[in-house]
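Trainee:
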């Protein structure tokens, strides 16, 4: 449940490599760079983002230059994301996804669906892929190469039960 990955900048490699998404995406449970169900993170335009299709969404909390080993369940930001309860209905989920771009208060922290990708920064990521995965991951950007690709150290902190949505077929 730990590792190192390289994310390639989407704007440079998407469509140039055989892997769907050009190596810019990653799924921490699927351990694949191929874009699709379960993708948790993407590197594009010097930002990390989450929540790419449908109702899928998530939040990053940038912790700053925090030692990777200090990111444990006792860290207040980890505790806040562990306590976060996803919305239940399709209508609520879509509303939260729409409103998340300005930031969302999670405990005493602000979670955002995108953060600047910077070497030396430690991040938390809660990624919800409905009917697929819900994970909490600690990340640290350890290197950026001349092509803009980023090397990330990661550790899975929690694999939550698969999130499902109560479908709302009304027209309101």
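Residue numbers (this note's numbering): 39 to 210. Positions of the beta carbon are idealized from the N, C-alpha and C atoms, including for glycine. Remember, predicted model here, so these are calculated numbers, not experimental data.
Using C-beta distances below 6 Å, list every residue in its chain close to residue 145, excluding the 5 sequence neighbours before and after it, in chain order.
Mentor: 118
Trainee: From 133, 190, 148, pick the residue whose C-alpha is nearest to that of residue 158; which is it?
Mentor: 190
Trainee: For the candidate residues 173, 96, 167, whose alpha-carbon lies nearest to that of residue 140?
Mentor: 96
Trainee: How many angstroms separate the CA atom of residue 196 from the CA atom of residue 175?
Mentor: 7 Å
Trainee: Could you tell me the boundaries of the beta strand (DSSP E) in which residue 176 lies?
Mentor: Under the DSSP assignment, residue 176 falls in the beta strand (DSSP E) whose first and last residues are 171-182.
Trainee: How many angstroms separate the CA atom of residue 149 from the CA atom of residue 45?
Mentor: 21 Å
Trainee: Could you tell me whether the region 75-82 touches the region 166-180, using the rule of 3 or more Cβ pairs below 8 Å?
Mentor: yes
Trainee: Cα separation between residue 12 and residue 110?
Mentor: Because the chain spans 39 through 210 in this model, residue 12 falls outside it and cannot be assessed.
Trainee: Would you mind giving the Cβ-Cβ distance between residue 98 and residue 86, rounded to the nearest angstrom? I have them listed as a contact below 8 Å.
Mentor: The Cβ separation is near 6 Å, so the contact holds.
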